[in-house]
Every structure is written in structure tokens, then in C-alpha cells.
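All remarks here apply to the structure that follows.
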Amino acid sequence: MHRKRQLDGSTSRGQNIIPEAEWDEFYATLQKNLPVTFRISGHRAQAEELLNTIKGKFFSSMLNVKVDDEIVPPPKNLTWYPNELGWQLDLSRKIVRSSESFSKLHEFLVAETECGAISRQEAVSMIPPLVLDIKSHHKILDMCASPGSKTAQLIEYLHGSCAPGELPTGYVIANDSDNKRCYLMVHQVKRLQSPCCIIVNHDGRLFPKIHIKRDDKNPECQLFDRILCDVPCSGDGTMRKNFDVWTKWHPLQGANMHGLQCKILQRGSQLLEAGGRLVYSTCSLNPAEDEAVVCNLLRSSGGAMELVEVADLLPGLKFTRGLSHWRVMTKAGEWLDGKDNIPAHLKTQYKETIYPPTPEEANSFHLERCIRILPHHQDSGGFFVAVLEKKRHLPGSKEEREEMKEASTSEVSADDSKSGAKPDGSNGVTELVEGGKRKAGHVSEQPESKKPKMFGYKEDPFLFMNEDDPIWPQLRDFFGLENSFPANQLMCRSAQGKRTLYFVSEAVRNITECNEGRIKFINMGVKSFSRSPSPMVPDCDFRMATECLGTLLTAVKKRKVTMNRQDAITIMSEENPFIQKLSSDLRNQLNSLSPGSTLFTFTPSEEEKSPKCEVSFCGWRGKNSVRCFGSRAERAHGLMLFGEDLSEINRRVEAAKKAKKLAQEEESQNSGSISVGELDGKLDEKTLQCDVDDASDSNLNEETPKCDVDEAPPNDVGADEKEMASDGHKVEEKKIAALGEQPT
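Residue 3 in full-length UniProt numbering is what sits at position 3 of the sequence shown, and the numbering runs on without skipping anything.
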């Protein structure tokens, strides 16, 4: 790949963005590929167990690995990322192919990423969510969220301080202006299995205010406690992974993006609650896209927005401070030193807000509190981050006018009580409101359109259940759901059929119902129950979904069993082990249950060496056998927690499958009976696929039912088009995912 373009004409040179003494090192770093970086999902109970496994099983064998007589750098901890959950690996394809230990680690990371336990993400991209300082009660908006790696991080932090089974009272709204990228984001967010996230599709510059309902009052506007503005940019800090920058970049790109970035940031400041925190970030090193945008907001906010120092939140991170003075370069490579020196033919291309602040403004703005990460300082990409807090409502905003009205009413009431006059206060209010009129250039509320223009696909409605729904009694009685379980937080996407039920938090339900027709909702909630009718289970047509395990684990009382270590390993490593193969304690529990969907839980004792955390999964109790309903990646994750050698298990499973297939073919030839494959093809579509292993072990005799396990398809095979829409347009997801977008 060509990376030899000379950068002497770059906006980074000539104004001390990169110190002249470091220029050669900076340029040499750009010639190298980015290292692999990942983080362990910290909101999960298994995070510490997973970290110990990675360090003990993989990292310990990588300390002195040589490839072509050169020692490969060992795994490096990102010291500024909390609890040792962020790591960096200097891996190339050649190293992965040449070293068995690195090859196994690569396979492990791919599997753990698929089940959501690990997220592969560029190191500098982890910084913006980290400095937002998120708590479980915060209302969070990600204004430009796609492809969703930062959104996933926001969700992790939202759940991070909650006890197991407890839901945050806050939520995350992930927005993107591109409809297709919203569907790409669905896959990224779904791995986190959070009922507290909503994906929406709006232009960030015009993002509508959210309405909510408190008690039985009329809906009111809801501002956000935390906002992330990771805005579109020229991307000149991504030269190590985005090779197009080397040939297509020019100085005018920063000026072209400046106006868009200013509008998104200003809208973000309007949506931020007083006392809230907003993070502005770009993957550009150009001050026109960084400090200039921040300056424009600070100038127009009249002191309501302030930059805050966050260096103490990032111990060990190397960065440079924000600039208070910079120059602007034209497309021809000429420098513009100020707005007064702009040639007439360039005035439309370079806005006045793109230039540095006056000395007086610079003293009050404290731009040195911004941070810029340079690629050569810690082998990363280039990045810019500014953290702002809202000290009071913006000048001229509706919230400020209401505060002033309340204050004036209080003052007038106090004066009238002293004078004996009747409370009127109209003059006082008028004077204060008039006095509070915004000055030119101040940020203020924009009038909202009554009917926001919608783009992209037309979404199916989000229909919430209630306790009068005929489905609810069978769910409640069969699974033993507590009376406190909120039936009105279950929803579907089709009034007829109701193949899949999703669960959302109370706050998400409130937002959805109060903003129907105003907000373009794309996806929300986690799958909780899937329709899976079986003649063996006449009392309930639904099975529990693994995605909602965190919520169902504490709510379900009847269909839940406990297992020991060996039982857990057996059920997760074998396709359909017979109940007789399990421990006597688990057999007794299963024998007390009728066939159907069941929760399996392992709770470690003090004597257990590993894992030291609880492990649970959804499964099926058949007539004679059981089955784990986790995906291959989820089962591999569970077995890894128990310290099992996955390669050996995979070898045994494949060998067993081959042996059974040969036995089935041989039996079919000898007896002339129908094969298992032919049997599956003849089953009625409404009857679930027979369990191959169970049927073959029993030789398909009459004593064992042919559909013993009722293997429910993990992805609800046969769902109609409306249910496809409920899962975020899966077809569109697959097309977009095929593009292989790089996480940032």
C-alpha cells in the first residue's frame, strides 16, 4: 500500500501540532500498521475470570516468542484503561500464521468477540466514553453512533455499577443520520444484550427533543445527562488504517467539515442538561475541526459551557495540550493568518469561526484542557478529545426563560406580600425576559418541526403488551414469573402472530410511547421469549431467549435448576446429553419439571478453583435429554470459564458426529429404514426439528419419542418478514456487515 506521500504541506506541520523535533518519528510511525487493541467487557460478572484466563493461558506463553529470529513484542496493557481490561497486541498476519500461541489467541479473541465478552476497538476510540464518567442513572445520547463500538462501551458503563439482575434507571440513545449504518449498528449493540438502549435515525444537527411522561402528567421535554459528539471528520488521524487519506486528503477538507461539526456540537449543547457533561471528539489533527469548533461553542454559549480537565481520568496516557493559536491552510497550500486577510474569492470557503480566538478569549476558554493524541507517542492513531460541562442553561433557551420566570415570580410574590398588593408580576417577568434576550451569536433553542421528515425504511410499530393480553397468563404461570415482573415492558413488532417478544426497561418504554411518530426508532430491547410450539408442552408456546438471561434469571421461579461443575461442562460440550448422564441432584430437579424451556445455573462454592463467577444459560428439558440453547460462541465462552480445552472438545465432537453419521448410514442400508435426514425433511413445518443425536442413540424406536428435545431454532427459522424487521432488518445487516467495516 502506498504511504509515501510527503506531508510537508500538511496542516499539522508549521504550527507546532507535531513538534519539529518529532516529525521524523511521527512520519515513520505512519508507515506501520496499527497494532491490535481490544477491551474486555467490564459490565459482565465474568470479566475478572476472563482476564485471568487470558493472562494465564495465553499471555504467559508469549513473553519470548521469536518469528524470523526477531522477538515479538509481548502483549501490552493500556495503563489508562481501568482494571487492566484494555490490551494491545503487535500482531501481523505473518506472526499469527507462524506462531501457534498467537494463532490460538487470535481464534480465542474472534470467538469471544462474537459472544460480546470482548470488543475489538482502536485504543484512542476508547477514550471518549471513558471520560464521560457514566453512572447507572444517566440519560445518554450518542449523536453520531455508527458503527457502534463507542455505543457498546457506553452501555457497558451504564450497567457497570448495577448489581446482577438489576437494571439501570438510565438509558442510551444511539443515533446516526445514515439509515443503513443504523442497521449495521444493531449487530454491534445486540452483543451487549441490554434492554436500556434505543437505536434511532436522525440528522444530528436537527435531533429532536425527547418527550417523556412523569406520572399521569402531560409529556415534557427530556434533556440528557451525558452526550457524546464523535462527529464526522476528514480523518487525517487515521492514516495508519485508512490508506485513502494518503492520496485523497487536502487542506480544504477540514474547512468543509467545520460547519457541519459546529452545528452538531451546538445541537448537542442544547440537548444537554445543566450540570451535564458532553464529549466532543474527532479522528483529525486539524485545529479547524478541533479547537476551532470548540471555540465557536464556548463563544456562543456565553459562559454556560466550560472545558474541564480530565488528565486525572487517563493515568499513563501520553497526549499534547490543545492549541490557542493556529493558522488555516488553503487547498493550494497557502497560509491564512486571520479572518481579516481572507481573499474575496475564498470567503465562502472559510468561515470566520475557523480562526483562532482573540488573546482575551483564549485566556477564558482554557483550550489547553483539550487533549490531542499523536500516533508516535504510544503507537496509536491520531485523535482529539474535548470534555465540556454545562454550568447553566444556554442564553435564550426555553429552560433559561422558565428559570427566569420562576425567579421573577418569587421576587414579585415576596415584594407583594410586603406591600400587601395582589400578586401579578407581569411587569417584572416582562423586564426579566426582555433582559434575557440572547445576544447576537448566542446558541438558542431552534423551533422544532411538528412532523420531522423521516428517511429510509418504514419501520413496523413497537407494540407493548399488558396483563390483559392472552399470552401473558401462560408466560406467567409456566415460567413462574414474579407478580412484580413488568408485563407492560414486553413488546412485539407485529400484532398478529407475536412470534418474538422483546423486553425493554421502563424508561425505554416511556420514551417509545411518548415519541411515536416524532422519532424514527430503528431497534430497541432484547429478545426475551420466542414462539416455539410443541406437542410436548401444551401449557406454553414460548421458550426463553438467551439474550434476556440477565433479566429472566431473577424473575423466573419455576423453570430454573442448579447444576454442578461437571453437569455444566457436559451440557455445554455435548449436543443432547441424556438426563441419566447428569448428577443425581440435577436429575431430581429435572424430573420434577415437565418438558420445556429451562434455565440452568451454576453457582461456585468456596472450594471451586474456577470459575469464581456464576454461569447460566437457557436450555431445553426434553423427555429423556437436555440441550443448551447458547450459540457455538456462547457455549465456547462458558466452557472457557471452566478451564476446558476447547480444541480437544471440538475434536471429540467432530469425531462423534462422524461416527454417528457412519452408523446411521450403515443402519439405514442394513434395515432399509428411513434415515434421520429423510425424517427431518418429512416433518411438518409446525413441528420443530428432531434432535439428531437423541434419535440416533435410541435407534428411532417407539419407546423414545422422535421429537424428544424439540430443538428450537436459535434464530427463529421461518419468521415472517415483519419479525425480520423486528430484528433490525437482518437481511440489510448481513449486506452491510459483509463490507467488513473497521471498528473505531
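A virtual CB, placed ideally from N, CA and C, is assigned to each residue, including glycine.
query, result
"Extent of the continuous alpha helix (DSSP H) to which Ala555 belongs", "Leu549 to Ala555"
"Residue 761, buried or exposed, once every other Cβ within 10 Å from all chains shown has been counted against 16", "Given that the chain is displayed from residue 1 to residue 744, the structure contains no residue 761 and the question cannot be resolved."
"Anticipated Cβ contact below 8 Å, Thr320 with Leu367, distance rounded", "About 12 Å separates the two Cβ atoms, so there is no contact after all."
"Beta-carbon proximity check, Val308 vs Leu388, cutoff 8 Å", "yes"
"Supposed close pair Met239, Leu30 - CB separation, criterion 8 Å", "5 Å"
"Span separating the alpha-carbon of Glu607 from that of Leu641", "16 Å"
"Residues bridged to Gly619 (per DSSP)", "Thr598 and Cys628"
"Reduced DSSP category for Gly259 - H, G, I as helix; E, B as strand; rest coil", "helix"
"Under 8 Å between C-beta atoms of Pro232 and Lys331", "no"
"Proximity below 8 Å, CB of Cys618 to CB of Ser594", "no"
"Paired residues, beta bridge with Trp335 - DSSP", "Met329"
"Limits of the unbroken beta strand (DSSP E) element including Lys560", "Lys560 to Thr562"
"Anticipated Cβ contact below 8 Å, Met305 with Cys229, distance rounded", "Not a contact, Cβ separation roughly 12 Å."
"Close Cβ partners of Glu547 (< 6 Å) along its chain, the five nearest in sequence each way excluded", "Gln193, Val526 and Lys527"
"Sheet register partners of His211 (DSSP bridge)", "Cys221"
"Enclosing beta strand (DSSP E) for Thr500 [first to last residue]", "Thr500 to Phe503"
"Run of the beta strand (DSSP E) containing Thr37, from where it starts to where it stops", "Val36 to Ile40"
"Cβ-based burial, Gly275 [other Cβ within 10 Å; buried from 16]", "exposed"
"First through last residue of the beta strand (DSSP E) which encompasses Gly86", "Gly86 to Leu89"
"Closest Cα partner of Leu278 within the set Asp379, Leu223, Trp620 and Leu50", "Leu223"
"Element boundaries [beta strand (DSSP E), containing Arg181]", "Run containing Arg181: none in the beta strand (DSSP E); it sits in the alpha helix (DSSP H), Asn179 to Lys190."
"Beta-bridge partners of Tyr280, as assigned by DSSP", "Cys229 and Ala386"
"C-beta atoms of Ser494 and Ala123 nearer than 8 Å", "no"
"Beta-bridge partners of Tyr27, as assigned by DSSP", "Paired residue(s): none; Tyr27 is not in a bridge."
"Minimum C-alpha distance to Asn175 - residue among Ile198, Thr79, Arg191 and Phe243", "Ile198"
"Three-state secondary structure (DSSP) of Leu307", "strand"
"DSSP state of Gln15 mapped onto helix, strand, coil", "coil"
"Beta-carbon spacing of Leu553, Ser616 below 8 Å", "yes"
"Contact set for Arg93: own chain, Cβ-Cβ below 6 Å, skip 5 residues either direction", "none"
"Spatial distance of Pro356 from Val328 (CA atoms)", "9 Å"
"Paired residues, beta bridge with Asp142 - DSSP", "Ala174 and Leu228"
"Rounded separation between His138 and Tyr171 - CA only", "7 Å"
"Residues that DSSP places opposite Leu272 in a beta bridge", "Phe224"
"Unbroken alpha helix (DSSP H) run spanning Asn588, endpoints", "Ser584 to Asn591"
"Through-space distance from His211 to Ala555, alpha-carbon basis", "30 Å"
"Cα-Cα separation between Gln349 and Leu78, rounded to whole angstroms", "41 Å"
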